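Protein chains: 2
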Amino acid sequence: MSIRERRERERQDRERLIVRAAREFAEAEGWDAVTTRRLAEQIEYSQPVLYSHFKGKDAIMAAVALEGFAELAAALREARAGSSGGPAAVAAAYVRFAEEQPVLYETMFTGAVDLTFASPETPAPLREGFRELREALRPVIGSDDLDAETEVFWASLHGLVTLTRGGRLPRDGHPRRLELLLRRFSTT
Amino acid sequence: MSIRERRERERQDRERLIVRAAREFAEAEGWDAVTTRRLAEQIEYSQPVLYSHFKGKDAIMAAVALEGFAELAAALREARAGSSGGPAAVAAAYVRFAEEQPVLYETMFTGAVDLTFASPETPAPLREGFRELREALRPVIGSDDLDAETEVFWASLHGLVTLTRGGRLPRDGHPRRLELLLRRFSTT
DNA sequence: ACAGGATGCCTAGCGCCGCTAGAATCCCTG
DNA sequence: CAGGGATTCTAGCGGCGCTAGGCATCCTGT
Numbered sequence: 183m184s185i186r187e188r189r190e191r192e193r194q195d196r197e198r199l200i201v202r203a204a205r206e207f208a209e210a211e212g213w214d215a216v217t218t219r220r221l222a223e224q225i226e227y228s229q230p231v232l233y234s235h236f237k238g239k240d241a242i243m244a245a246v247a248l249e250g251f252a253e254l255a256a257a258l259r260e261a262r263a264g265s266s267g268g269p270a271a272v273a274a275a276y277v278r279f280a281e282e283q284p285v286l287y288e289t290m291f292t293g294a295v296d297l298t299f300a301s302p303e304t305p306a307p308l309r310e311g312f313r314e315l316r317e318a319l320r321p322v323i324g325s326d327d328l329d330a331e332t333e334v335f336w337a338s339l340h341g342l343v344t345l346t347r348g349g350r351l352p353r354d355g356h357p358r359r360l361e362l363l364l365r366r367f368s369t370t
Numbered sequence: 183m184s185i186r187e188r189r190e191r192e193r194q195d196r197e198r199l200i201v202r203a204a205r206e207f208a209e210a211e212g213w214d215a216v217t218t219r220r221l222a223e224q225i226e227y228s229q230p231v232l233y234s235h236f237k238g239k240d241a242i243m244a245a246v247a248l249e250g251f252a253e254l255a256a257a258l259r260e261a262r263a264g265s266s267g268g269p270a271a272v273a274a275a276y277v278r279f280a281e282e283q284p285v286l287y288e289t290m291f292t293g294a295v296d297l298t299f300a301s302p303e304t305p306a307p308l309r310e311g312f313r314e315l316r317e318a319l320r321p322v323i324g325s326d327d328l329d330a331e332t333e334v335f336w337a338s339l340h341g342l343v344t345l346t347r348g349g350r351l352p353r354d355g356h357p358r359r360l361e362l363l364l365r366r367f368s369t370t
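If you're matching them up, the sequences are chains X and F in order.
Here my numbering is used: position 131 in the first sequence is 313, and no number is missing along the way.
Here my numbering is used: position 146 in the second sequence is 328, and no number is missing along the way.
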């Protein structure tokens with residue numbers, strides 16, 4: 183049975199290679215520059231092989247997005263475990279993640295519409311990221327509806343990040359805006 | 183000179199037709215379904231004519247986006263002129279606009295990266311929409327940095343709208359979240 | 001009134017895309 | 001070592017955004 187296992191292992195390696203290549207190309211040149219032909223060339227297999235791993239390009243993008251959610255959750259967890267661990271630290275980690283890997287972040291929140299947050303079948307990384315935000319907020323939120331408050335906070339962060347990145351908000355005002363948002367969420 | 187004027191008028195009519203067709207197709211079936219061939223057929227001209235009006239498909243999308251910004255500004259102005267005219271009314275109008283024309287809204291805030299807000303060369307409709315939001319907030323914001331506060335409020339609204347629409351936040355909690363956001367912005 | 005040039009529009013096609021059918025090859029099984 | 005699945009490849013389909021180049025049409029100057 184070892185041969186079968188080896189093949190399966192190699193197959194998974196190849197799949198990881200595909201996702202990695204897609205992610206790197208996308209981050210460097212945008213998703214339009216990630217073509218199935220280019221991916222195939224990169225992994226040194228022919229084009230149709232991609233389709234034995236993923237249903238199509240959208241599925242590859244979704245795989246990249248999921249990877250991003252896992253890493254975002256990890257970044258938030260680390261921030262919350264840090265010296266302060268408060269909302270400011272976690273928010274800063276969130277913003278840093280989005281700014282350092284803008285295309286990845288955009289992939290996570292645009293497209294791949296079949297990922298819901300507060301639902302039983304929500305992938306674990308999504309739930310975990312949300313949990314970190316919520317626990318960071320808990321001490322400073324008086325409201326009894328912590329989940330909804332967290333959703334609002336998350337959405338506000340997301341709005342700041344996306345509008346700033348899209349050039350809709352002046353880039354240099356970013357820290358100031360973040361500060362104001364945190365102040366709004368530091369009482370009641 | 184009348185003939186020249188008539189030609190110019192017809193040309194502008196045709197341009198409006200293109201934008202209208204693009205917008206309708208996009209709202210109904212998404213931008214992928216808006217092809218230059220389809221647009222050409224719709225306006226009953228050949229494909230290259232589109233390129234005498236717009237540099238490319240991206241420019242057509244930008245034109246649609248700009249139209250959206252004008253309408254959004256109008257909607258906000260109307261809301262602010264209404265009986266209440268407070269932040270809640272304006273926010274509700276904002277959300278309604280985004281929900282009723284989701285593709286248009288997405289077009290306005292994704293892609294078309296060459297539109298900045300707080301800048302001298304910012305198109306008028308963008309500045310006006312921002313102004314409406316700011317004036318609605320003025321009575322309830324104690325801070326001396328009203329502009330930055332408005333930016334944060336706008337970003338929060340935007341985040342709520344996009345995350346909810348993308349399925350990242352449960353749809354039925356939307357009014358509740360909006361309520362919480364407004365409460366956060368009703369003091370200090 | 002009419003030649004000549006500018007303008008406006010169309011036909012045709014380029015290179016690329018995501019994706020797939022069917023042939024060919026490889027490798028496990030009996 | 002032969003049969004049969006699984007795996008991978010070659011080749012190509014239809015459609016995309018975009019453009020070159022030719023034709024017709026209209027404005028202009030004599």
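Ideal placement from N, C-alpha and C gives every residue a C-beta, glycine not left out.
From a predicted model like this one, the values you see are computed outputs, not experimental measurements.
Residue i versus residue j - alpha carbon distance
i: residue 251 (chain X); j: residue 363 (chain F); result: 25 angstroms
i: residue 303 (chain F); j: residue 209 (chain X); result: 29 angstroms
i: residue 350 (chain X); j: residue 291 (chain F); result: 8 angstroms
i: residue 183 (chain X); j: residue 195 (chain X); result: At residue 183 (chain X) the pLDDT is 48, less than 50, meaning the model places this residue with poor confidence; the figure from the coordinates comes in the next sentence. Using only the alpha carbons, I get a separation of about 19 angstroms.
i: residue 248 (chain F); j: residue 307 (chain F); result: 8 angstroms
i: residue 242 (chain X); j: residue 197 (chain X); result: 10 angstroms
i: residue 327 (chain X); j: residue 257 (chain F); result: 31 angstroms
i: residue 224 (chain F); j: residue 254 (chain F); result: 26 angstroms
i: residue 384 (chain F); j: residue 288 (chain F); result: Beyond the ends of chain F as shown, which are 183 and 370, falls residue 384 (chain F); an answer cannot be given.
i: residue 357 (chain X); j: residue 276 (chain F); result: 25 angstroms
i: residue 201 (chain X); j: residue 190 (chain X); result: 17 angstroms
i: residue 309 (chain X); j: residue 228 (chain F); result: 51 angstroms
i: residue 319 (chain X); j: residue 340 (chain X); result: 16 angstroms
i: residue 216 (chain F); j: residue 221 (chain X); result: 27 angstroms
i: residue 361 (chain X); j: residue 259 (chain X); result: 21 angstroms
i: residue 354 (chain X); j: residue 192 (chain F); result: 44 angstroms
i: residue 367 (chain F); j: residue 267 (chain X); result: 25 angstroms
i: residue 282 (chain X); j: residue 188 (chain F); result: 53 angstroms
i: residue 212 (chain X); j: residue 285 (chain X); result: 7 angstroms
i: residue 204 (chain F); j: residue 261 (chain X); result: 45 angstroms
i: residue 233 (chain F); j: residue 199 (chain F); result: 14 angstroms
i: residue 278 (chain X); j: residue 265 (chain F); result: 42 angstroms
i: residue 231 (chain X); j: residue 207 (chain X); result: 18 angstroms
i: residue 144 (chain X); j: residue 246 (chain X); result: Nothing about residue 144 (chain X) can be reported from this structure: the residues present for chain X run from 183 to 370 only.
i: residue 274 (chain X); j: residue 214 (chain F); result: 36 angstroms
i: residue 325 (chain F); j: residue 269 (chain X); result: 21 angstroms
i: residue 293 (chain F); j: residue 323 (chain X); result: 36 angstroms
i: residue 305 (chain F); j: residue 352 (chain X); result: 15 angstroms
i: residue 369 (chain F); j: residue 226 (chain F); result: 56 angstroms
i: residue 359 (chain X); j: residue 244 (chain X); result: 31 angstroms
i: residue 263 (chain F); j: residue 271 (chain F); result: 10 angstroms
i: residue 329 (chain X); j: residue 280 (chain X); result: 22 angstroms
Residue i: contacting residues in chain F (beta-carbon distance under 8 angstroms)
i: residue 258 (chain X); result: Here the premise fails: no neighbours, minimum Cβ distance about 15 angstroms.
Segment limits, alpha helix (DSSP H) that includes residue i
i: residue 250 (chain F); result: 239-263
i: residue 343 (chain F); result: 328-347
i: residue 225 (chain F); result: 218-225
i: residue 289 (chain F); result: 284-291
i: residue 319 (chain X); result: 306-319
i: residue 361 (chain F); result: 356-366
i: residue 234 (chain X); result: 229-235
Where residue i meets chain F, residues with beta-carbon distance less than 9 angstroms
i: residue 367 (chain X); result: 366
Contact set between residue i and chain F, taken where Cβ atoms lie within less than 7 angstroms
i: residue 363 (chain X); result: 334
message = To be precise: take each residue of the region 200-223 of chain F, compare its Cβ to all Cβ atoms of chain X, and keep it if any distance is under 8 angstroms. Which residues remain?
response = Listed by position along the chain: nothing, the set is empty.
task = Return the residues of the region 347-361 of chain X that lie within a Cβ-Cβ distance of less than 7 angstroms from chain F, sorted by chain order.
result = For the region 347-361 of chain X, the set of positions with a beta-carbon nearer than 7 angstroms to some beta-carbon of chain F reads 348, 349, 350, 351, 352, 355, 358, 359 in chain order.
ask   = Mind listing which residues of the region 326-344 of chain F have their C-beta closer than 8 angstroms to chain X's C-betas, in chain order?
value = Hits within the stretch, in order: 327, 330, 331, 333, 334, 336, 337, 338, 339, 340, 341, 342, 344.
request  = Kindly confirm or deny that the region 337-355 of chain F and the region 319-335 of chain X touch, where touching means at least three C-beta pairs closer than 8 angstroms.
outcome  = Because the criterion of three Cβ pairs below 8 angstroms is met, the region 337-355 of chain F and the region 319-335 of chain X touch.
message = Under 7 angstroms, CB to CB, which of the residues in the region 271-293 of chain X have a partner in chain F?
response = Those would be 291, 292, in chain order.
key: Stretch pair the region 311-327 of chain X + the region 227-243 of chain X: three plus CB contacts closer than 8 angstroms   = Contact between the region 311-327 of chain X and the region 227-243 of chain X is absent, because fewer than three Cβ pairs lie under 8 angstroms.
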